[in-house]
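Going by UniProt numbering, the letters in the sequence shown line up with residues 1 to 283, in that order. Glycine included, every Cβ here is placed at the ideal spot set by N, Cα and C. Below you'll find the structure, written out as structure tokens, and then a few comments.
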Amino acid sequence: MNTTISNSVAKASINHAGAELFSLKNSQNKEFIWEGNPAFWGKHSPVLFPIVGTLKNNIYTIDENEYQLPRHGFARDMDFQLIEKTENSATFSLQSNKETLLKYPFEFELQLIYTLENTTLTIAYKVINKGSSKMPFSIGAHPAIALPNAFESYAFEFEKDENPEFFLLENDLISDKTKILETNNRQVQLDYELFKNDALIFKTLESNSLTILENSKPYVKVAFEDFPSLGLWTKDKAPFVCIEPWLGYSDTHENSGDLFEKEGIIILDKNQTFDSKFTITIF
């Protein structure tokens, strides 16, 4: 089942499966979200919860009890309920249940709130701890932006003048190896060689937004002030690129396995709510 929100200049469509954005179009019906062709990558913009990235051996512990979670958690593979709808906004909810408690022993509600104002789509996350103890979690976004022209005709433009450090992945885990992303006038030309070692993982950035330029003109801007970390990723020869605002990231090889001790984890007190949001603006 799908839900569409719209205004006079844009419309967005969200699949109730995973509350996943799968379409964002302007008034000329131009599509900005990756189509999800499984020959490259069969998703569009999944939510990452209750972890971001990969756990060491896909295992973590709580109170010395062992649990398993797949890469990026389970929320993206579950059906959400539409709980509120207006012409330009929609709110989806996922509640903990018997299935989730076997993988993640915490009672929670996860809400995704989509709001379309002009050509800017705000995606807000609300995490509610409904249990009687502290709850560790991470949350992140994974929007794939469609690139209909030659990959090399696009560039990233950082909000601020920086040459940020990124971490390399080894077997899907964060290694201690880093590189510097060299920018020129805040820009980096896209090249598949940039992603030859998988995603670029920035634990911290000075910039709070990143704009994709198409032939030097603004194409899509992703703003992520609430998210300290960022992933950039694509597949070889794929006509898309992902700009991924994160709160948390994959384990390192030195992780203890205790989820409360995981680097980048958020600890939410009982009966408390955590809010964050990012925006996608199309040009």
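Tell me whether the beta-carbon of I201 lies closer than 8 Å to the beta-carbon of Y249.
-> Taking the sequence shown and counting its residues from 1, the one referred to as residue 201 is at position 201. Taking the sequence shown and counting its residues from 1, the one referred to as residue 249 is at position 249. Yes, these two residues count as a Cβ contact at 8 Å.
What are the boundary residues of the alpha helix (DSSP H) that K196 is part of?
-> Sequence index remark: in the sequence shown, residue 196 carries index 196 (1-based). Segment: none, K196 is in no alpha helix (DSSP H) and carries neither H nor E.
Other residues of its chain near I265: CB distance less than 8 Å, five sequence neighbours each side excluded | As a working note, residue 265 is residue 265 in the sequence shown. So the qualifying residues of the chain are P136, F137, S138, G248 and L259.
What do you get for H72, buried or exposed, if any count of 16 or more other CB atoms within 10 angstroms of its CB means buried?
-> Taking the first residue of the sequence shown as position 1, residue 72 is located at position 72. Here H72 is buried: its Cβ has 16 or more other Cβ atoms, across all protein chains shown, within 10 Å.
Would you please state the rounded distance, in angstroms, between the beta carbons of F22 and G36? I believe it to be under 8 Å.
-> Taking the sequence shown and counting its residues from 1, one reaches residue 22 at position 22. Taking the sequence shown and counting its residues from 1, one reaches residue 36 at position 36. Correct: roughly 7 Å between the Cβ atoms.
Quick one: using the 10 Å Cβ neighbour count with 16 as the cut-off for buried, is D251 buried or exposed?
-> In the sequence shown, the residue the question calls residue 251 occupies position 251. Buried, by the Cβ-count rule.
Identity of the residue in E157, I128 and F224 nearest L268 by Cα = The sequence position of residue 268 within the sequence shown is 268, counting from 1. Of the candidates E157, I128 and F224, I128 places its Cα closest to the Cα of L268.
Would you call the stretch 52-69 and the stretch 166-176 in contact, with 3 or more CB pairs under 8 Å?
-> yes
Please list the segments of the alpha helix (DSSP H) lying wholly inside the stretch 4-88, counting only runs of 4 or more residues, in order along the chain.
-> Runs of the alpha helix (DSSP H) inside the stretch 4-88: none found.
Would P218 be called buried (16 or more neighbouring beta carbons within 10 Å of its own) or exposed?
-> Sequence index remark: in the sequence shown, residue 218 carries index 218 (1-based). Looking at its Cβ environment, which holds fewer than 16 other Cβ atoms inside 10 Å, P218 is exposed.
Pick helix, strand or coil for L232, following the three-state DSSP scheme.
-> Against the sequence shown, residue 232 aligns to sequence position 232. If DSSP states are grouped into helix, strand and coil, L232 belongs with the strands.
Starting from the C-beta of H44, find all residues in its chain whose C-beta is less than 7 Å away, skip the five residues before and the five after it, and write them out in chain order.
-> On the sequence shown, position 44 is the one that residue 44 refers to. Excluding positions up to five away in sequence, the list reads E20, L21, F22, I33, W34, G36 and A144.
With 16 other Cβ atoms within 10 Å as the buried cut-off, status of T178 | Locating residue 178 in the sequence shown gives position 178, counting from the first residue. Burial is judged here by how many other beta carbons sit within 10 angstroms of a residue's own beta carbon; T178 has fewer than 16 and is exposed.
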